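In order, the protein sequence lines correspond to chains P and D. Everything in the first sequence is counted per my numbering, starting at 225 for the first residue and increasing by one. Everything in the second sequence is counted per my numbering, starting at 13 for the first residue and increasing by one. Beta carbons are placed, not taken as given, at the ideal position from N, Cα and C, and that holds for glycine. No experiment lies behind these values; they were computed from the predicted model shown. Worksheet for the structure shown next.
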Amino acid sequence: MATETLVRTRRKMRPATVAQFVVAVLVAIFALFPLLWLFTGGFKTQTEASTGAFWPAHPTLDNFVFIFTQVPFLRYMLNSFFVSAIVTVVALLFHSMAAYALARLRFRGRDTVFVLVFSTLLVTAPVILIPLFVIVRELHMLNNYAGLIVPALFNAFGIFLLRQYYITIPKELEEAAIVDGCGHWRVYWHLILPLSRPILASLTVFFFLANWNAFIWPLIVIADDKLFTVQVGLQLLQDQVTVGGGANWSYLLAGSTLTALPTMIMFFILQRRLVESIKTSGLKS
Amino acid sequence: MTTSVAPHVSRTKTVATQGKPGLSRKQREGWAAALFLAPDVIGLTVFVGIPMILSFVLSLFQVSGFGQYDFVGFGNYQRIFADPVFMSSLRTTLIYVFVLVPGGFVVSLLLALLVKQKLPGVGFFRTAYFLPFSISIVVVALIWRFMLDEQVGVVNQFLGWFGIPPQAWLGNPNLALGTAIAVTIWVQMGYYMVILLGGLQDIPLEYYEAARIDGASAWSNFRHITWPLLKPTSFFVLLTSTVAALTGAFDMIYVLTKGGPANSTNVLIFYIYQQAFQYGEYGYAAAIGTFLVVIMLICSTAIFLTTRGGRFSYGD
Numbered sequence: 225m226a227t228e229t230l231v232r233t234r235r236k237m238r239p240a241t242v243a244q245f246v247v248a249v250l251v252a253i254f255a256l257f258p259l260l261w262l263f264t265g266g267f268k269t270q271t272e273a274s275t276g277a278f279w280p281a282h283p284t285l286d287n288f289v290f291i292f293t294q295v296p297f298l299r300y301m302l303n304s305f306f307v308s309a310i311v312t313v314v315a316l317l318f319h320s321m322a323a324y325a326l327a328r329l330r331f332r333g334r335d336t337v338f339v340l341v342f343s344t345l346l347v348t349a350p351v352i353l354i355p356l357f358v359i360v361r362e363l364h365m366l367n368n369y370a371g372l373i374v375p376a377l378f379n380a381f382g383i384f385l386l387r388q389y390y391i392t393i394p395k396e397l398e399e400a401a402i403v404d405g406c407g408h409w410r411v412y413w414h415l416i417l418p419l420s421r422p423i424l425a426s427l428t429v430f431f432f433l434a435n436w437n438a439f440i441w442p443l444i445v446i447a448d449d450k451l452f453t454v455q456v457g458l459q460l461l462q463d464q465v466t467v468g469g470g471a472n473w474s475y476l477l478a479g480s481t482l483t484a485l486p487t488m489i490m491f492f493i494l495q496r497r498l499v500e501s502i503k504t505s506g507l508k509s
Numbered sequence: 013m014t015t016s017v018a019p020h021v022s023r024t025k026t027v028a029t030q031g032k033p034g035l036s037r038k039q040r041e042g043w044a045a046a047l048f049l050a051p052d053v054i055g056l057t058v059f060v061g062i063p064m065i066l067s068f069v070l071s072l073f074q075v076s077g078f079g080q081y082d083f084v085g086f087g088n089y090q091r092i093f094a095d096p097v098f099m100s101s102l103r104t105t106l107i108y109v110f111v112l113v114p115g116g117f118v119v120s121l122l123l124a125l126l127v128k129q130k131l132p133g134v135g136f137f138r139t140a141y142f143l144p145f146s147i148s149i150v151v152v153a154l155i156w157r158f159m160l161d162e163q164v165g166v167v168n169q170f171l172g173w174f175g176i177p178p179q180a181w182l183g184n185p186n187l188a189l190g191t192a193i194a195v196t197i198w199v200q201m202g203y204y205m206v207i208l209l210g211g212l213q214d215i216p217l218e219y220y221e222a223a224r225i226d227g228a229s230a231w232s233n234f235r236h237i238t239w240p241l242l243k244p245t246s247f248f249v250l251l252t253s254t255v256a257a258l259t260g261a262f263d264m265i266y267v268l269t270k271g272g273p274a275n276s277t278n279v280l281i282f283y284i285y286q287q288a289f290q291y292g293e294y295g296y297a298a299a300i301g302t303f304l305v306v307i308m309l310i311c312s313t314a315i316f317l318t319t320r321g322g323r324f325s326y327g328d
């Protein structure tokens, strides 16, 4: 009797698990197939790219050679890297400074400043695109690196997450430092910043990815192709090679692979960190 | 007045034993705060605050050529309702949001429930589902344009095995919007899955154990435990995905279809771009932008009311 129930529950459980597993595999194929199709496509010849063959029969680097020699793609990548790196470093400095003040210092109007900063989170960039463009034009930042970098620095999201983190640091630490004669800058630089390494690492990934992947702002602020970021350059390449309907997809796939590679590598190295930061941003808001 | 200032600390002048003479500790803290906040507060004011106000001001002007501003009052807003392209764009946007947001939410929630199970290789599945989100929308749109191509695309080849004739997924006005929505769900499903999974893992296991003793079915588990306790997370996901659908669709639409064919995928955020940067109509584009903000507020309020602001109590 007892064994019979055991067998029955096992039989009852197993098919459900198997079904779930099968569904999981099918969804995984659905999620991964386009990415594999992209990466293998970059190594295919032009004619092979338009057939259904999954693996390139005669893998070639010609598409990558074309991308680097006939198109300033390396330049686009370096532009993106430069802009993303500068924005990430400077934004994290500014945001951690502001967050330190909002979390650790006592001053009149602190709550008001916090609410005002927080309310800018509700404004999404595309809605203020046109006035922002007009302001950036008045500041003579169109078509240069300043135009790509400066407006991208200011985002209350980072301030908010850093502030939440700083609030949890025990007060005794900085009280001791202040009694020892440290100024607020030294407390911030030598105490708070080193303590916030984990969250700064998460935000570094977040900011770098967001800026590397940015499209609409670089598209409208830059006219000179020497300053194109990689996303805009890739889109331009699409317009060039699809003229007349005969798209050379293998070039585009090679370019797309190169564009996606840095973020994919970052993703694999820092996956846990990224997922954690998404979870916290999702739950603590 | 900040309530957090402890009066007995701030009023004791003797605390200010170090530092510049003449400044109390409280004053020094105030100055330090001003300096620490200056870069971000100035930046946010110039690049977020002022544009927000300017957006409305700009919508009252007709901008012709370079720098010629003519005050037209609410003329741009009147023009909106007489513009057939705007009306079709509004309709497209509403369809886009009302299909994408619930559709994406259901897909992500099902995935989160799936990878919450103790399946073999569950870590791999989580990573696999999340991976599309790590690449840019421009690249995503390019891959799918390639796979959905009418002649060379692998999607049509695959459907051919089942005897389904090739479709112009992005060239057919009746299919293009649905295709764009499906591709968007493909990118976002892993991201919202991660957030919803976080919410699911926060639900105390004791609730399910208690329900099992009562002999509750999987469905009643979901209805009476998972769903109510997941409300705060659902609220967050629905809100962010609505905002993303209304304003973040630009990259996808630009690369995938450029608003076509026959304006069938021309969502408002793309129409704003067209008006401003292709036709130089900054004032009119700003008016559409203001309109978009109003839609966003209405949607946010609706989500807030239906999920009761994501509030819940464990006592229920």
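{"Query": "Chain D contact for T271(P) (CB, 8 Å cutoff)", "Result": "no"}
{"Query": "Any C-beta of chain D under 8 Å from that of P239(P)", "Result": "no"}
{"Query": "Member of T428(P), F378(P), A370(P) whose CA lies at the smallest distance from the CA of N303(P)", "Result": "A370(P)"}
{"Query": "Within chain P, the residues that T259(D) reaches when beta carbons sit closer than 8 Å", "Result": "T348, A349, P350, V351"}
{"Query": "CB contact flag (F267(P), P258(P), <8 Å)", "Result": "no"}
{"Query": "Residue range of the beta strand (DSSP E) that includes S76(D)", "Result": "73-76"}
{"Query": "Helix, strand or coil at C311(D) according to DSSP, with G and I counted as helix", "Result": "helix"}
{"Query": "Residue-chain proximity (E228(P), chain D), Cβ-Cβ < 8 Å", "Result": "With a pLDDT of 49 at E228(P), under the threshold of 50, the modelled position of that residue is not reliable, and no figure is offered here."}
{"Query": "Separation of Q169(D) from P422(P), as counted between CA atoms", "Result": "47 Å"}
{"Query": "Chain P residues whose Cβ lies nearer than 8 Å to that of L123(D)", "Result": "V251"}
{"Query": "Near-chain P residues of the segment 243-255 of chain D (beta-carbon distance less than 7 Å), N- to C-terminal order", "Result": "T245, F248, V255"}
{"Query": "DSSP beta-bridge partners of D82(D)", "Result": "Q74(D)"}
{"Query": "Residue from V127(D), A194(D), S276(D) with nearest C-alpha to L112(D)", "Result": "A194(D)"}
{"Query": "Whole-number beta carbon distance between N368(P) and L298(P), since they are thought to touch under 8 Å", "Result": "Rounded, the Cβ-Cβ distance is 20 Å, inconsistent with contact."}
{"Query": "is_contact[T233(P), chain D] using C-beta, thresh 8 Å", "Result": "No answer about T233(P) holds up, because its pLDDT of 49 lies below 50 and its placement is not dependable."}
{"Query": "Boundaries of the alpha helix (DSSP H) in which W43(D) is found, first to last residue", "Result": "37-56"}
{"Query": "Candidates M205(D), F234(D), Y203(D), of which the one nearest L335(D) by Cα", "Result": "Summary: the structure shown does not reach residue 335(D), with chain D confined to residues 13 through 328, and so no result is reported for it."}
{"Query": "Enclosing alpha helix (DSSP H) for R157(D) [first to last residue]", "Result": "149-159"}
{"Query": "Interface residues of chain D facing S304(P) [CB-CB closer than 7 Å]", "Result": "Neighbours of S304(P) on chain D: none; closest Cβ ~10 Å, over 7 Å."}
{"Query": "Residue range of the unbroken alpha helix (DSSP H) whose run includes F248(D)", "Result": "243-259"}
{"Query": "Continuous alpha helix (DSSP H) assignments of at least 4 residues falling wholly in the segment 396-483 of chain P", "Result": "408-411, 421-436, 440-445, 454-465"}
{"Query": "Contacts that G266(P) makes with chain D (C-beta to C-beta distance below 7 Å)", "Result": "Result: empty, since nearest Cβ-Cβ is about 11 Å, beyond 7 Å."}
{"Query": "Beta-carbon spacing of M488(P), S71(D) below 8 Å", "Result": "no"}
{"Query": "Assigned exposure category for T241(P) - 16 Cβ within 10 Å defines buried", "Result": "exposed"}
{"Query": "Chain D residues whose Cβ lies nearer than 8 Å to that of F318(P)", "Result": "P51, D52, G55"}
{"Query": "Proximity test, Cβ basis, 8 Å: S274(P) and chain D", "Result": "yes"}
{"Query": "Buried or exposed (CB count within 10 angstroms, at least 16 for buried), R387(P)", "Result": "buried"}
{"Query": "Interface residues of the segment 400-419 of chain P facing chain A [CB-CB below 8 Å]", "Result": "Included in the structure are the protein chains P and D, with no chain A among them."}
{"Query": "Integer-rounded CB distance, given that T254(D) should sit under 8 Å from V109(D)", "Result": "6 Å"}
{"Query": "Cβ-based neighbour list, V301(D), same chain, cut-off 8 Å, excluding 5 preceding and 5 following", "Result": "The question names Val, but residue 301(D) is Gly in the sequence shown. Around G301(D): S67, S71, I284."}
{"Query": "Within chain P, partners of D263(D) - CB distance below 7 Å", "Result": "F439, I440"}
{"Query": "Simplified DSSP assignment, three categories, for F174(D)", "Result": "coil"}
{"Query": "Below-8 Å beta-carbon distance, W239(D) vs any chain P residue", "Result": "no"}
{"Query": "Spatially closest choice to W231(D) from V152(D), L125(D), G55(D), by CA coordinates", "Result": "L125(D)"}
{"Query": "Distance between P486(P) and L208(D) (C-alpha atoms, nearest Å)", "Result": "27 Å"}
{"Query": "Endpoints, the alpha helix (DSSP H) within which Q290(D) is located", "Result": "Element bounds for Q290(D): n/a, residue is neither H nor E."}
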